[in-house]
Structures are given as C-alpha cells and as structure tokens.
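Below: the structure, in structure tokens.
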Amino acid sequence: MTETVPRTHCRPGVVVPRVVGRMKISSISMIGVVFLGTLCGIPDRAAAQTGSAGPSPAVFTVTTTADGAAANPFEGRCRTDAGECTLRAAVQAANVRPGSIIRVPEGRYVLTIPPNFWNTNGPFIDPATGDLDVTADTTIEGAGQDRTVVDAGHRDRVMLTTARVALSGLTITGGSAAEHEIPLFETGGGGIANSGKLILDHVTVTGNAADYGGGIFNIPVADLKVTDSIITANAAGEAGGVRCDNTCTFTRTEITDNHVVNPRTKWYRFGGFAGRGGGLDIRGVGEVLLIDSLVLRNSADEGGGGINIAPAYLDSLPYQFTDVVNPGMGKLILRGSTIAQNTAGLGEQNCKKVFAVILSTGANLSNDHSCDLTATGDEVRPDAGVR
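Anchor point for the sequence shown: position 147 equals 146 in numbering that gives the first Met the number 0, and the numbering is continuous, going up by one each time.
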C-alpha cells in the first residue's frame, strides 16, 4: 500500500498527555494537548501550499502475533523496524489515519513491551509502550471471540480508547492497569479504559484487574455500548466487571463471575469508595440500560454483589441520611434481564442503590427483591439464574 503522507514537525517519541480517569485534567495538560496536536496534526506550510489533504483512512491487516512499535509512528504506515505489521504498529498507524480499520487474524497477541515507568504516575499517552492507546476513530476486527486474543500479560491494561472505537470478534485479557491516573493513587480499567465512544460487539473481556473497573472503566465523559459480549472473571477493589461513570448500554451481554475485594489498606478508600459493585458499578448520572442481559454470580465483599448504583459516591454518607432521602440522580433501566445469584458481604445481594432509581420495563428475573422488579412479566424466585 503506497500513501502520500503530509510532512509534519512532530518527532517520534513524543509522549502525549492521556485524558482518562476520574480527575480533572489541569490547564497545563490541556495546553500540552493543544500544543502537541498542533505539532503532530497539522502539515507544515510547504505541504499546505500544495493543497494536499491529511492522511486518509486505511485498512491494516496484522501480519504477526509479536509485539513491536511502528518504525515511524507519525508516518501512518503499519511497519516495524523488522518490516512486520504488529497490532501495536497498526494502532499507531490508525492513530494518524482516523477512520481506519485494523484486521487481526486468529492468534494470541501478547503485549510484551512494558509501560514506561516515568509515565505511570499521571495522564500520559505513550502508544509505543504498555497498553494499546487508540486515540483516533478506529475499527478493530478480530477473527472471533475464541480465535483472536489480545493478552497484556499482566504488564499493563490491554487498551485505552479516547475516540470513537469499535471492537468486534476478539478477547481482551491479561490486563493489570499500571497507570495511576485517579488521580495519582489508583488504576482504572484493567481490560479497557474508555474516555471516548466505545462499541463492543462479540467481545469477551476476561481475566483483567485494576483498582477500579477490573474489566472496563467508562469515565464520566464517555459512552459505552456492549452487544452480544461476555464480561467475566475480572477483579477489582471496586467495580469488578464494569465501572460506568456515564451512559452505558448492555444488550444480550453476560456480566458474570466478577469479584470485588476491598483492599482495606488505603486510608482514602473509606465508605463507598471500595468493596462494592461486583458485576457493575454505576457512579454517574447518565442512563445505564440492561437489555436481555445476564448479571450472575458476581460478588462484592460489601454492597451490591451484582449491581451497585450510587452517583458521586453518595453511598459514603451515613445510612440515616441515605435511607430517608432519595432524589434519584442515577438511573438504571432493566428489560428482559436476569440479575441473580450475586453475593455481597453487607446488605443487598443483587442490587444496591443510593440516590438512584432502578426502573424495570418488564420481563426481568431475580432471586431477591433488591432490584425493584415490579413491572409486568417480572419474576422473583429462588432458582433464578441457576443453570
């Protein structure tokens, strides 16, 4: 594939600030983003005078399961120094060509390049090391959930997404988030940290870990849509499967066997800041929908073994207050879903809510009454969710 690439002033090796996490990005960081965007995204004057456009979208097919960075990350070509198109190099090339498609054949793609230690305490993006940083609109297509596996080898999380990103037909595993971004103490999103608009279709997220959002962390400005997917066997100190700080929609998706254990050794993890939301932890005010989905056998050593919904950690307030006042700031909508056989060390087993409402639109199933299932077609019975 031959392409004409506009010249830029940007040099390889530039590390771009990472916009992710439950923190406010400082004005200095934002100035840095604008400055680097100016350097890296705008062709030089000579190129502009020729009327040449920026790099067009491309289709990249990964040719090796080995890990390796692009020889020139600003060139927009998927090519390492060894001449191969690795998954990492494809992501780097797609970051220069918004709208690109990456095709990942069958195989296990282990990310062997550890994160840069100097970038692990702050919001930095370094696509050449650690996790795969997808910073432009990109579609990544695998050969199937059980055929294409992206494995971080517990060196870092698997993927960071900051744009419109669609993943299909693959497994995300082996992630252990290394960047302390929330703000400098905690890690979020063992499998995926999303600060853009992320779509998962026929994707399995399993065997990942972080302080928050063992499987997926969807931060306050982000949107997550998950269809025909599986989120299972992830672990965290809070939000074992998925942490939703903004809008999330799960359709025909299984959230199962995820676990939360309160670390109890950190002074700032008091009250609702840990030990809750085994399967799904909802902390924002954006709507979260569960449609024809399963939330089964998740656990939390404190509240909400299946689902915990409490915007802005208001569940840390004394129960004498939260049990009396409920302004309904957060909202979970259930339709045709099963939330059952989840366990919690304290209080409600399947669903726990504070300053939030759970709205059933019918045909839901549970083995207790904690999810407010009172609509037509809802059922509560002891054997719900037992296979």
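Where a beta carbon is used, it is the ideal one built from N, C-alpha and C, also for glycine.
Item, Value
"A383 to I230 span [Cα, whole Å]", "20 Å"
"Short Cβ contact (8 Å threshold) for L197 with T248", "no"
"Delimiting residues of the beta strand (DSSP E) encompassing N193", "191-193"
"Contact under 8 Å by Cβ, G283 with A299", "no"
"Segments of 3+ residues assigned as beta strand (DSSP E) that fall wholly inside the segment 191-227", "191-193, 196-205, 208-211, 215-217, 222-226"
"CA-to-CA distance, G195 to D132, given in whole angstroms", "12 Å"
"Per-residue DSSP class, three states only, for M158", "strand"
"C-beta contact flag for T203 and S228 at 8 Å", "yes"
"Beta-carbon proximity list for I440, same chain, < 6 Å, skipping 5 on both sides", "Since the displayed the chain opens at 0 and closes at 386, residue 440 lies outside it and no answer follows."
"Cross-strand partners of H153 (DSSP beta bridge)", "None, per the DSSP bridge assignment."
"Other residues of its chain near E105: CB distance less than 7 Å, five sequence neighbours each side excluded", "A142, R146, T147"
"DSSP state of L86 mapped onto helix, strand, coil", "helix"
"Alpha-carbon to alpha-carbon, I100 and G152", "25 Å"
"For R281, the first and last residue of its enclosing beta strand (DSSP E)", "Per the sequence presented here, residue 281 reads as Ile, with Arg not at that position. Its beta strand (DSSP E) spans residues 279-281."
"Assigned exposure category for Y318 - 16 Cβ within 10 Å defines buried", "Note that Y318 scores 48 on pLDDT, short of 50, meaning its location in the model is unreliable; the coordinates nonetheless yield the value given after this. Y318 is exposed by the Cβ-count criterion."
"Inter-residue Cα distance where the pair is G173 and T138", "21 Å"
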